[in-house]
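Since the structure comes first, as structure tokens, the remarks are kept for the end.
In this note's numbering, the protein residues as written are 994 to 1058.
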């Protein structure tokens, strides 16, 4: 799944994370009896990645100036 999403996002991390989160939502909607209980954790994981990436980008910007 990750490789497909990365290819479809053309390396744009923000698009990749949106697509990844949507994939999790789709799973939870298609098979709620199996996947719905994991959705909150999956979304938290994606949000944590966004936060981590934002911190890395901030450090890059700070070093360049």
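Note that CB positions come from ideal geometry on N, CA and C, so glycine has one too.
Express the C-alpha separation of residue 1010 and residue 1024 in angstroms, rounding to a whole number. As a working mapping, residue 1024 is identified with position 31 in the chain shown. As a working mapping, residue 1010 is identified with position 17 in the chain shown. Distance between the alpha carbons of residue 1024 and residue 1010 is about 21 Å.
How close, in whole Å, do the beta carbons of residue 1029 and residue 1014 come, if the pair is a contact with beta carbons under 8 Å? The residue given as residue 1029 occupies position 36 in the chain shown. The residue given as residue 1014 occupies position 21 in the chain shown. Their Cβ separation, rounded to whole angstroms, is 15 Å, which puts residue 1029 and residue 1014 out of contact at 8 Å.
Outcome for residue 1017 when other beta-carbon atoms lying within 10 angstroms are tallied against a minimum of 16: Indexing the chain shown from 1 puts residue 1017 at position 24. Under this definition residue 1017 is a buried residue.
Can you give me the C-alpha to C-alpha distance between residue 1048 and residue 1039, rounded to a whole angstrom? The sequence position of residue 1048 within the chain shown is 55, counting from 1. The sequence position of residue 1039 within the chain shown is 46, counting from 1. Taking the straight line joining both Cα atoms gives about 14 Å.
Nearest-angstrom Cα separation, counted from residue 1007 out to residue 1000: Taking the chain shown and counting its residues from 1, the one referred to as residue 1000 is at position 7. Taking the chain shown and counting its residues from 1, the one referred to as residue 1007 is at position 14. One C-alpha to the other measures close to 13 Å.
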